[in-house]
Amino acid sequence: MKKRILLIITAFITVIMTAGLFVGCAETADSSRPEKNRDLFLFNPYRNVDFSTTERFKADFHLHSTNSDGTLSPQENIRRFSELGFDFLPMVDHSYGAGLPAGRFHQRPAGHTILTSSQVGAGTNSRANAVTWPWSDFGVTEYYNIIPILASEPSRLHHFGSFFTEWHEEGAPGDWAAGQDVRSIYRMLECATVYDGGQGRFEIFHPERHVTEAAGSEDFADHLAWLDNTESNALHTAIWYQELLNSFPTVLSMEMFNQDDRHPSRHIYDRVMRGMMPARPVWLSANSDDHGGHSGRSVNIMLMQERTEIAFRQAWEQGAYFAKSFGAFDPGLLELDYEYLDELELPIHERINQRFGDRWAYLPTVHDIIIDDYSGYIVVKASNYTQFEWITEDGVVVADGNIVNFRTNSAISGYVRGQLTRRTADGTIMATTLMQPFGVGLFNPNSWFFHFTGLDVTTA
Ligand SMILES: [Zn+2]
1112 MKKRILLIIT
1122 AFITVIMTAG
1132 LFVGCAETAD
1142 SSRPEKNRDL
1152 FLFNPYRNVD
1162 FSTTERFKAD
1172 FHLHSTNSDG
1182 TLSPQENIRR
1192 FSELGFDFLP
1202 MVDHSYGAGL
1212 PAGRFHQRPA
1222 GHTILTSSQV
1232 GAGTNSRANA
1242 VTWPWSDFGV
1252 TEYYNIIPIL
1262 ASEPSRLHHF
1272 GSFFTEWHEE
1282 GAPGDWAAGQ
1292 DVRSIYRMLE
1302 CATVYDGGQG
1312 RFEIFHPERH
1322 VTEAAGSEDF
1332 ADHLAWLDNT
1342 ESNALHTAIW
1352 YQELLNSFPT
1362 VLSMEMFNQD
1372 DRHPSRHIYD
1382 RVMRGMMPAR
1392 PVWLSANSDD
1402 HGGHSGRSVN
1412 IMLMQERTEI
1422 AFRQAWEQGA
1432 YFAKSFGAFD
1442 PGLLELDYEY
1452 LDELELPIHE
1462 RINQRFGDRW
1472 AYLPTVHDII
1482 IDDYSGYIVV
1492 KASNYTQFEW
1502 ITEDGVVVAD
1512 GNIVNFRTNS
1522 AISGYVRGQL
1532 TRRTADGTIM
1542 ATTLMQPFGV
1552 GLFNPNSWFF
1562 HFTGLDVTTA
């Protein structure tokens, strides 16, 4: 009897609670519908791009020549990248590196001497070691319409792409063994930033490689655990990257694809960016890291009005580009028969298309971006993709398809970036296109990064 009364009471309470829940749901549905957050600001990295008139130029931020550990001469690199249709080419040779041939970095042309930090501090103007520049000093006589970009790869504590400056790390391997800490890389960036009139700009190359070494594991979960490590002296943690990025607005981007995606770094990017946006965008790049066999695996499509170094630099600084990669996919059309190409009496830019058709047409392509700031919709017109994901902090996918709403999608945290994937019928990833992150948040108009890069921050 007692038990039965208890049962009835329990059932009664359950009914009341359930009814209450339904009432609550109904109220929510009625009153909270499109309660959009009007205080949210959208930062659109493509805001200065007119998609109806913009031109698209190809750049690879990361390749090597025989001046470090590449197998092709600067001249042969230029020829091959020109055949692939590239417009801008930085010859990014290492400052030094473990496993490189002895003496490789001492094969400098006359007049190229090693620069020390103190010389940099004293304003000494001298050629740094391993900076493959000017190309004419390295046997280049034919540019094949490629625009050369002054660049190198400081390779001590963390590999960086260093652009628009002749400054380079000094000394021999081991010199900094005792100083392999946070300060040495800050010193490198400080020197490189003030040298050449403060023209230097930088990209963080293959962070996955460095996080893997620090974590001692290839596993994504271990990487994420390492990134969350808060020990003050731990290298290559999320805090380490964030402090560096917040110290140097000259560090513009991170390399997401490297060769055949041997250092996949998207998950690291989304971890490092936690809490950074919208005040501090970091752009995403895709590079070949070509040492002789990976040219054309990736490309950065720069959205520019004119084909000049100044326009290239501005497009990079402002994030007006898409990072694209074939990744690990090899449809066969990547194998280039250079002897055959030489036999074709065609302008060098047209030879590849003659042989294979336009291989770049296989990559997902963004044609236009339409933003309705009032409703909050971001609509992307695109083709050549089978999956379109919108990703936010920690790699959380907040939406699928070519539309996302930054006002009503409460899962967006700080930024949202579009990732377009093309798969073959059996599901193999064939190509990926990364859009730059849209900043979403209570905007700080005094963001030093926007001032630094010349981005107008007063309107969406
Ligand atoms: Zn490297």
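Here the sequence shown is numbered in this note's numbering, starting from 1112 and rising by one per residue. Think of the CB as a built atom: it goes at the ideal place given N, C-alpha and C, for glycine as much as any other residue.
Cβ-heavy atom distance, residue i to ligand 1, below 8 Å
{"i": "H1347", "result": "no"}
{"i": "S1406", "result": "no"}
{"i": "H1378", "result": "no"}
{"i": "F1560", "result": "no"}
{"i": "D1204", "result": "no"}
{"i": "Q1264", "result": "In the sequence as displayed, the identity of residue 1264 is Glu instead of Gln. Yes - ligand 1 has a heavy atom lying nearer than 8 Å to the Cβ of E1264."}
{"i": "D1371", "result": "no"}
{"i": "F1316", "result": "yes"}
{"i": "H1270", "result": "yes"}
{"i": "D1400", "result": "yes"}
Environment of residue i [buried if 16+ CB atoms lie within 10 Å]
{"i": "G1327", "result": "exposed"}
{"i": "E1428", "result": "buried"}
{"i": "N1188", "result": "buried"}
{"i": "Y1485", "result": "exposed"}
{"i": "G1407", "result": "buried"}
{"i": "H1149", "result": "In the sequence as presented, His is not what sits at residue 1149; that position holds Arg. The residue is exposed, with fewer than 16 neighbouring Cβ atoms inside 10 Å."}
{"i": "E1166", "result": "exposed"}
{"i": "K1147", "result": "exposed"}
{"i": "A1262", "result": "buried"}
{"i": "W1246", "result": "buried"}
{"i": "N1344", "result": "exposed"}
Distance between residue j and residue i (C-alpha atoms, nearest Å)
{"i": "G1311", "j": "P1360", "result": "11 Å"}
{"i": "G1565", "j": "L1300", "result": "21 Å"}
{"i": "I1379", "j": "G1181", "result": "27 Å"}
{"i": "Q1218", "j": "N1178", "result": "Reliability of the predicted coordinates at Q1218 is poor, the pLDDT of 39 falling under 50, and no value is obtained from them."}
{"i": "E1500", "j": "V1509", "result": "8 Å"}
{"i": "V1231", "j": "W1278", "result": "In this predicted model, V1231 has a pLDDT of only 39, less than 50, meaning its place in the structure is not dependable; the value taken from the coordinates is given anyway. Straight-line Cα distance between these residues: approximately 8 Å."}
{"i": "M1387", "j": "Q1353", "result": "8 Å"}
{"i": "A1170", "j": "S1396", "result": "10 Å"}
{"i": "I1421", "j": "N1398", "result": "21 Å"}
{"i": "G1512", "j": "Q1186", "result": "43 Å"}
{"i": "R1385", "j": "H1334", "result": "15 Å"}
{"i": "M1476", "j": "S1409", "result": "The question names Met, but residue 1476 is Thr in the sequence shown. The straight-line gap from Cα to Cα measures roughly 14 Å."}
{"i": "E1264", "j": "T1252", "result": "23 Å"}
Beta-carbon spacing of residue i, residue j below 9 Å
{"i": "T1503", "j": "G1525", "result": "yes"}
{"i": "E1314", "j": "F1274", "result": "yes"}
{"i": "F1154", "j": "F1199", "result": "no"}
{"i": "S1163", "j": "F1249", "result": "no"}
{"i": "T1539", "j": "F1440", "result": "yes"}
beta-carbon residue i near ligand 3 non-hydrogen atom, thresh 8 Å
{"i": "N1148", "result": "The model depicted lacks ligand 3 and carries ligand 1 instead."}
Runs of beta strand (DSSP E) lying entirely within the segment 1377-1431, each at least 3 residues, in chain order: 1394-1398 and 1409-1415, all fully within the segment 1377-1431.
Contained alpha helix (DSSP H) runs [length at least 4] in the segment 1304-1363, N- to C-terminal order: Secondary structure within the segment 1304-1363: the alpha helix (DSSP H) runs of 4 or more consecutive residues, fully enclosed, are 1318-1326, 1331-1338 and 1349-1358 (chain order).
Beta strand (DSSP E) segments (min. 3 residues) lying fully within the segment 1473-1529: Qualifying beta strand (DSSP E) stretches, in chain order: 1476-1483, 1488-1494, 1498-1502, 1508-1511 and 1514-1516.
What ranges does the alpha helix (DSSP H) occupy inside the segment 1145-1169, keeping only unbroken runs of at least 4 residues that lie completely in it? List check, alpha helix (DSSP H) in window: nothing returned.
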